[in-house]
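Numbering that gives the first Met the number 0 puts the sequence shown at residues 0 to 251. Written out below as structure tokens is the structure these notes cover.
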Amino acid sequence: MMTHSFIFELIKEQELIIKLLAGAESRRDVIIEDLEDYKDYTPIVRRLLLARDRETLAGINGVISDFLNIQPQLQSIIEILIEPYAEYVVVAREEDAVKAMAFLKENNHPSATFLIRDKLMPVSIPSSDRERLTKAKGFIGFATDFVSYEKQNDDIVSVLIGNVIIMESFQSARKLPVSIQRNYRIISVMGEQIQFGSVWTVGKYEDSKKGSIGCWKRQRVLQETLDTIEQYKTNLQDIQNRIKIEQNDEKL
0 MMTHSFIFEL
10 IKEQELIIKL
20 LAGAESRRDV
30 IIEDLEDYKD
40 YTPIVRRLLL
50 ARDRETLAGI
60 NGVISDFLNI
70 QPQLQSIIEI
80 LIEPYAEYVV
90 VAREEDAVKA
100 MAFLKENNHP
110 SATFLIRDKL
120 MPVSIPSSDR
130 ERLTKAKGFI
140 GFATDFVSYE
150 KQNDDIVSVL
160 IGNVIIMESF
170 QSARKLPVSI
180 QRNYRIISVM
190 GEQIQFGSVW
200 TVGKYEDSKK
210 GSIGCWKRQR
220 VLQETLDTIE
230 QYKTNLQDIQ
240 NRIKIEQNDE
250 KL
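This is the structure in structure tokens:
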């Protein structure tokens, strides 16, 4: 009698997990659909990406989120740095940008902002300054340390954040040598910035959801959802095995 009651409870738990699994799978499908439909981008950028996918417009390489991934450490700080470029459309050559602009004009859309790869002038921090910085009090790292990307995309990453230094606090950033402050962008772990010595940005930053930033956030939610689905499937299999064992014991 006790075994029968226990089986009943297991069946109820199984039904709950099946319901939760179905909900997670539904969320997964919606997220994937939104990613494939470029829901995080403005109508202009979305139009260009869809035209690229439908092969009605050539020369569009992608958007910023296609070329680098943000590592978990200091994630929000890197997002702050990338946000100004979140709507940039990457093309290989100037001619590709011209074609894309013509496409937008023909369809009554205003122009987008293009990052033209063969015109990029990569920036970096010289080894002499790197050595000085690694010894500075409050130094956390260089922004490029907290992203991952293919070597072939070094030019894009360099232009975006190749000259960015991350410091523990705004106070430690201010104590860096004037020559460092004037030549590079410096950001604290709280998001405060000193840009080329003369531009300070302080205050609370709002969480962004646009462009590449929104895309990265949606991809993280997708991965979390996929992990949840796998956990539900494992739990479901465990319960089904337990039900079989209990049912066999009940027959004995």
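Built from N, CA and C at the ideal position, the CB exists for glycine as well. Predicted model, so just to flag it, every value in this text is computed and none were measured.
Report yes if the C-beta distance between residue i and residue j is below 8 Å; otherwise report no.
i: I155; j: L114; result: yes
i: V88; j: V44; result: yes
i: V163; j: A135; result: no
i: I186; j: Q180; result: no
i: G210; j: S171; result: no
i: R116; j: A85; result: no
Flag residue i as yes when its Cβ comes closer than 7 Å to any non-hydrogen atom of the ligand PLP, and as no otherwise.
i: L175; result: Absent from the structure shown: the ligand PLP. Ligands present: none.
According to DSSP, simplified to helix, strand and coil, what is residue i?
i: L159; result: helix
i: Q70; result: coil
i: T200; result: strand
i: S187; result: strand
i: R27; result: helix
Classify residue i as buried or exposed, calling it buried when 16 or more other Cβ atoms lie within 10 Å of its own Cβ.
i: S147; result: exposed
i: Q246; result: exposed
i: F66; result: buried
i: E32; result: exposed
i: F169; result: buried
i: D237; result: exposed
i: F195; result: exposed
i: T233; result: exposed
i: S110; result: exposed
Across which residues does DSSP place residue i in a beta bridge pair?
i: I59; result: V90
i: I193; result: I185 and W199
i: I43; result: BP columns for I43 are empty, so no partner.
i: I244; result: I244 is not bridged to any residue.
i: I164; result: F141 and I185
Is residue i close to chain C, meaning its C-beta is less than 8 Å from at least one C-beta of that chain?
i: T200; result: No chain C appears in the structure shown, which is made up of a single protein chain.
Go through the stretch 88-155 residue by residue and report every complete run of the alpha helix (DSSP H) that reaches 4 residues or more, in order. Taking only runs of at least 4 residues, the alpha helix (DSSP H) segments lying wholly in the stretch 88-155 are 93-105 and 126-133.
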